[in-house]
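A.B. asks: When we follow numbering that gives the first Met the number 0, the leftmost residue of the sequence shown carries the number 0, and every step to the right adds one. Idealized CB from N, CA, C, for every residue including glycine. These numbers come from a predicted model, not from an experiment. There's a structure below that I have some questions on.
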Amino acid sequence: MSNRLLSLADIQKEKINLSRVYIWQLRKEGRFPQGILIGRKNYWSEAVIDDWINSKKVKAA
């Protein structure tokens, strides 16, 4: 797994096709991982996002 940091745009482009508003709603509800604030932007560890996506696949199966 990668330790790369992803912006919200990176996550949308490379990982999941969810709107920015929906992702922030999930985050507010505690159903999406909290990001790391660097300056004025949030970033997420690629490994954390991959784990979150995989946990959703397991529940759906």
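#1: Using only alpha-carbon positions, find the residue among G34, G38 and N53 that is nearest to S44.
#2: From K56 to D50, what does the alpha carbon distance come to, in whole angstroms?
#3: Could you check whether I10 and D52 sit closer than 7 Å to each other, using their CB atoms as the reference points?
#4: Once you ignore the five residues that flank Y6 on each side, which residues in its own chain have a CB closer than 7 Å to its CB?
#5: Can you tell me whether DSSP reads N53 as helix, strand or coil?
C.D. replies: Let me spell this out:
#1: Position 45 of the sequence shown, counted from the start, is the residue given in the question as residue 44. The shortest Cα separation from S44 among G34, G38 and N53 belongs to G34.
#2: Here residue 56 corresponds to residue number 57 of the sequence shown, with the count starting at 1. Here residue 50 corresponds to residue number 51 of the sequence shown, with the count starting at 1. If I take the Cα positions, the gap works out to 10 Å.
#3: Working through the sequence shown from its first residue, we reach residue 52 at position 53. Working through the sequence shown from its first residue, we reach residue 10 at position 11. As written in the sequence, residue 52 is Ile, which differs from the Asp given in the question. Their beta carbons are not under 7 Å apart, which means I52 does not touch I10 by this criterion.
#4: On the sequence shown, position 7 is the one that residue 6 refers to. Here residue 6 turns out to be Ser, not Tyr, going by the sequence shown. Cβ neighbours of S6 beyond the five flanking positions: K40 and Y42.
#5: By 1-based counting over the sequence shown, the position of residue 53 is 54. In this structure, N53 counts as helix in the three-state DSSP scheme.
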